[in-house]
Each structure stands twice: as structure tokens, then as C-alpha cells.
Amino acid sequence: MLWSLSLVLLAGFSLSGLFKRFHLPGLLGMMITGILLGPYLLNLIDESILGISSELRKMALVVILLRAGLSLDLDDLKKVGRPAFLLSFLPALLEIGAITLVAPLLFGFPHLESALLAAILAAVSPA
Numbered sequence: 813m814l815w816s817l818s819l820v821l822l823a824g825f826s827l828s829g830l831f832k833r834f835h836l837p838g839l840l841g842m843m844i845t846g847i848l849l850g851p852y853l854l855n856l857i858d859e860s861i862l863g864i865s866s867e868l869r870k871m872a873l874v875v876i877l878l879r880a881g882l883s884l885d886l887d888d889l890k891k892v893g894r895p896a897f898l899l900s901f902l903p904a905l906l907e908i909g910a911i912t913l914v915a916p917l918l919f920g921f922p923h924l925e926s927a928l929l930a931a932i933l934a935a936v937s938p939a
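Here the sequence shown is numbered in our numbering, starting from 813 and rising by one per residue.
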């Protein structure tokens with residue numbers, strides 16, 4: 813397990829550095845490393861790591877989101893603050909309100925369940 817983890821980390825960071833030299837995202841190199849070393853191509857990863865892969869994916873998602881959040885520039889956010897608010901929060905709020913009012917009429921849901929449905933739909937809505 814330690815050998816597999818070391819191989820993944822070494823190859824991942826190596827390919828990440830190589831991709832950065834070609835002005836490509838380093839994350840792309842790490843993803844290609846996972847595809848190459850994983851069970852679909854070379855199968856060099858120990859089975860015990862595949863058993864904890866869901867936990868590793870969750871940790872990777874936390875790291876990616878944390879790095880994305882820390883890389884936000886507060887001055888840039890202040891520049892686009894009002895348009896970003898109007899284009900994101902306001903439509904979601906209107907969608908939540910509309911679904912909360914319409915769902916009890918169409919489906920006979922209680923108002924609390926309608927509000928919960930509206931919040932879930934607004935969170936995943938592409939609009």
C-alpha cells in the first residue's frame with residue numbers, strides 16, 4: 813500500500829510539474845496519472861488503496877475546493893459584487909419563492925416540504 817501511494821504521489825507531482833511547464837493545468841497531469849496507474853490501464857495500484865478510494869476522493873475534493881477558495885482575490889470579488897449578486901442570488905431567490913408557492917397547488921405538498929423542494933431545486937438548477 814505504501815509503495816502504491818508513493819508511486820501515485822511521485823508520478824502525480826511529476827506529471828503535474830511537466831504539464832505546468834507547457835502552460836497546462838497541473839491537475840490535468842495528476843488526473844492522467846490516476847488513469848494510467850489505475851485499474852483500467854497499467855493496474856499498478858494495490859487493491860487496498862482501491863478499497864479506500866471513496867475517502868481519498870472526498871479528501872481530494874476538499875483540497876481542490878480549499879485551494880480554489882483561497883485563490884479568490886477579494887478586490888476582484890468587490891469589482892463584480894453587484895452583477896454577481898444579481899445574476900446568482902436573485903434568480904435563485906425568485907426560483908425558491910415560485911416553487912414554494914406553486915408546489916402546494918400542483919402536488920399538494922405542505923408548505924415546509926415545498927420550501928425544502930424549492931431550495932434543493934434552486935441549488936442544482938443551471939439557470
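Built from N, CA and C at the ideal position, the CB exists for glycine as well.
Exercise. So, is A930 buried or exposed, given that buried needs 16 or more other C-beta atoms within 10 angstroms?
Worked result: On the sequence shown, residue 930 is found 118 positions in, with the first residue counted as 1. Counting Cβ neighbours within 10 Å, A930 comes out buried, since at least 16 surround it.
Problem set entry | Beta-carbon proximity check, I844 vs S816, cutoff 8 Å | Counting from 1 along the sequence shown, the entry for residue 844 is found at position 32. Counting from 1 along the sequence shown, the entry for residue 816 is found at position 4. No, the Cβ-Cβ distance between I844 and S816 is not below 8 Å.
Exercise. Taking just the CA atoms, how far does F825 sit from H835?
Worked result: If you number the sequence shown from 1, residue 835 lands on position 23. If you number the sequence shown from 1, residue 825 lands on position 13. Those two C-alpha atoms are separated by around 15 Å.
Problem set entry | Where the alpha helix (DSSP H) through G863 begins and ends | By one-based count along the sequence shown, residue 863 stands at place 51. Unbroken alpha helix (DSSP H) run through G863: 859-863.
Exercise. Given that a residue counts as buried once 16 or more other Cβ atoms are within 10 Å of its Cβ, and exposed if not, what is M842?
Worked result: Position 30 of the sequence shown, counted from the start, is the residue given in the question as residue 842. With a threshold of 16 other beta carbon atoms within 10 Å, M842 meets it and is buried.
Problem set entry | Distance, V820 Cα to S883 Cα | Against the sequence shown, residue 883 aligns to sequence position 71. Against the sequence shown, residue 820 aligns to sequence position 8. Per the coordinates, the alpha-carbon of S883 lies some 25 Å from the alpha-carbon of V820.
For this session: Reducing DSSP to helix, strand and coil, say where G846 ends up.
Result: Position 34 of the sequence shown, counted from the first residue, corresponds to residue 846. G846 carries a helical assignment under DSSP once its states are collapsed to helix, strand and coil.
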